[in-house]
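K.L.:
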Amino acid sequence: MKHLLATDGLDPAVATAVLDTADELKHTLLGREVKKLPTLRGRTVITLFYENSTRTRVSFEIAGKWMSADVINVSASSSSVNKGESLRDTALTLAAAGADCVIVRHPASGAAQRLSEWLAEPGTSVVNAGDGTHEHPTQALLDAATLRERLGSLKDRRIAIVGDVLHSRVARSNIHLLSALGAEVVLVAPPTLLPYGVESLPVTVSHDLDAELPAVDAVMMLRVQAERMHGGFFPSAREYSIAYGLSEKRQKLLPDHAVVLHPGPMLRGMEIASAVADSPASAITEQVRNGVHVRMAVLYHLLASEGAAA
Ligand code: CP
């Protein structure tokens, strides 16, 4: 694997290999006081973030450091991007300075793909840490890792993805990855928050959350992305919460074994009730924990495994 840009088109065998590596790393590090492995000693990983992040940026930094890579964080707001430098010039500068891998988050869909083209010559790997409304592949991989842990396997599992699908790169990456790994995905959303061309995706669509919950193995609540809704929010926050929020009452409709996921950051009380987010069914903290091991595995497959340059 040279880059990780999307789950759309990602070979399920490669995705499974990354998940297996993450699992192995997790068990290797379990209970160890010192987490560092020597695998990426001498390699340089740079995070380049044009949008805010807590989970993704921090877990990539921890992942790189636990693999003994040198990790450097560049945020657009405190770099020469603020003086007008383009994404291309910024990326070429980082590659010239010695980056083996650039992890990029950018508000434009397709930015990570362009970066991988510009960095083909220096041979720098690119990871998409979220590009506009397009994809967030490592989030989908950590969601799949969490679901595998809780449910055993994804094969024929029914997963509901609920809420603002239209603006969600997390939803898009999960749709492709979960279906490639054998799960059945149902999107539950108001018609105004579904993407154009949803019929071409490997999903079924519902507008009735209460009708779907009794038949799912997991429910993935999405963040409402107000920052991408330039024309306002329809339905209103209150209407959304009533129809699509995961309340305590609604949680009771789920089968006992069902898992509750949320990629974060959560709007408690609107997308998900606090009591549900903090309940034993919730795997939200596990998602964050697994994010570190999944990102370690991604860096391993990009920079250290035999197929790294493929
Ligand atoms: N889930 C996720 O991408 O969170 P951050 O925006 O905090 O990285």
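Heads up: the sequence shown begins at 656 in the numbering used here, then just goes up one per residue.
For each residue, glycine too, the CB sits at the ideal point set by N, CA and C.
#1: Roughly how many whole angstroms lie between the Cα atoms of Leu958 and Asp663?
#2: Buried or exposed for Ala674, please, with buried defined as at least 16 other CB atoms from any protein chain shown within 10 angstroms of its CB.
#3: Buried or exposed for Ser828, going by 16 or more other Cβ atoms inside 10 Å?
#4: Consider the C-beta atom of Ser741 and the heavy atoms of the ligand CP; say whether any pair is separated by less than 7 Å.
#5: Please go through the region 683-716 and give each complete alpha helix (DSSP H) segment of 4 or more residues, from N-terminal end onward.
#6: Under the three-state reduction of DSSP, which class applies to Thr859: helix, strand or coil?
#7: So what does DSSP say about Ile948, is it helix, strand or coil?
#8: I want to check one thing, is the minimum distance from the CB of Gln768 to the heavy atoms of the ligand CP below 7 Å?
#9: Is it true that the CB of Val874 sits closer than 8 Å to the CB of Ala913?
#10: Look up His956 in the DSSP assignment and say whether it is helix, strand or coil.
#11: If Val759 and Ala766 are in contact, beta carbons under 8 Å, what's the gap, nearest whole angstrom?
#12: Where do the N-terminal and C-terminal ends of the beta strand (DSSP E) with Arg603 fall, by residue?
#13: Would you mind giving the Cβ-Cβ distance between Pro792 and Ala661, rounded to the nearest angstrom? I have them listed as a contact below 8 Å.
#14: Quick check on DSSP: helix, strand or coil for Ala668?
#15: Express the C-alpha separation of Gly787 and Tyr895 in angstroms, rounding to a whole number.
P.N.:
Reading from the atomic positions:
#1: Rounded to whole angstroms, Leu958 to Asp663 spans 22 Å at the Cα level.
#2: Note on identity: in this sequence residue 674 is Leu, with Ala being the wrong assignment. Buried, because 16 or more other Cβ atoms sit within 10 Å of the Cβ of Leu674.
#3: buried
#4: Between the ligand CP and Ser741, a heavy atom-to-CB distance of less than 7 Å is absent.
#5: none
#6: In the three-state scheme derived from DSSP, where H, G and I count as helix and E and B as strand, Thr859 is classed as strand.
#7: It should be noted that the sequence gives His, not Ile, for residue 948. In the structure shown, His948 sits in a helix (DSSP, three-state: H, G or I).
#8: For the ligand CP, not one heavy atom lies less than 7 Å from the Cβ of Gln768.
#9: yes
#10: helix
#11: 6 Å
#12: No answer is possible for residue 603: the residues shown for the chain start at 656 and end at 965.
#13: 6 Å
#14: Of the three classes helix, strand and coil, the one that applies to Ala668 here is helix, per DSSP.
#15: Going from the Cα of Tyr895 to the Cα of Gly787 covers about 23 Å.
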